[in-house]
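**Student:** Our numbering puts the first residue of the sequence shown at 30, with every later residue one more than the last. Cβ coordinates follow ideal geometry from the N, Cα and C atoms, glycine included. Quick one: the structure is below, and I'll ask about it shortly.
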Amino acid sequence: MHIKQGMTVRVIRGNHRGEEGKVLYVFPKKERVIIEGVNLIKRHTRPSQENPQGGIVEKEAALHVSNLMVVHGGKPTRVGYKKLDDGSKVRVAVKTGEEIG
Numbered sequence: 030m031h032i033k034q035g036m037t038v039r040v041i042r043g044n045h046r047g048e049e050g051k052v053l054y055v056f057p058k059k060e061r062v063i064i065e066g067v068n069l070i071k072r073h074t075r076p077s078q079e080n081p082q083g084g085i086v087e088k089e090a091a092l093h094v095s096n097l098m099v100v101h102g103g104k105p106t107r108v109g110y111k112k113l114d115d116g117s118k119v120r121v122a123v124k125t126g127e128e129i130g
């Protein structure tokens, strides 16, 4: 997957187009990620130990990876790969050619 936990991404398709946030969780098998503050849903919960009141809780829902772009240097870019002389593979921003950390 071209997106990893902790990266900043921008939504390029769907209802939340243009929103940016930090990746909280990555689900590689489902090709989905959860982004901080994006795609909030309302969940009706029963009273429990953690939430004795119960009620409606807002939380982030997962988005598909194809609807996201990595933000590098303040601009969205595609992710490419480059081989180094020692044989290791490095992720690079296609727009600038710089390494993505």
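Where does I64 land, buried or exposed, given buried means 16+ other C-beta within 10 angstroms?
**Tutor:** For the purposes of this step, residue 64 is taken as the residue at position 35 of the sequence shown. Buried.
**Student:** Ignore the nearest five residues each way along the sequence and tell me which others in I85's own chain have a CB closer than 8 Å to its CB.
**Tutor:** Here residue 85 corresponds to residue number 56 of the sequence shown, with the count starting at 1. These residues qualify, in order along the chain: K71, R72, H73 and T74.
**Student:** Which class does V94 belong to by DSSP, given the choice of helix, strand or coil?
**Tutor:** Locating residue 94 in the sequence shown gives position 65, where the first residue counts as 1. Looking at V94 - three-state DSSP - the assignment turns out to be helix.
**Student:** What residue range is occupied by the uninterrupted beta strand (DSSP E) comprising T106?
**Tutor:** Taking the sequence shown and counting its residues from 1, the one referred to as residue 106 is at position 77. Taken as a continuous stretch (DSSP letters only), the beta strand (DSSP E) holding T106 covers K104 to T106.
**Student:** Cα separation between N68 and K112?
**Tutor:** Translated into the one-based positions of the sequence shown, residue 68 becomes position 39. Translated into the one-based positions of the sequence shown, residue 112 becomes position 83. Using only the alpha carbons, I get a separation of about 36 Å.
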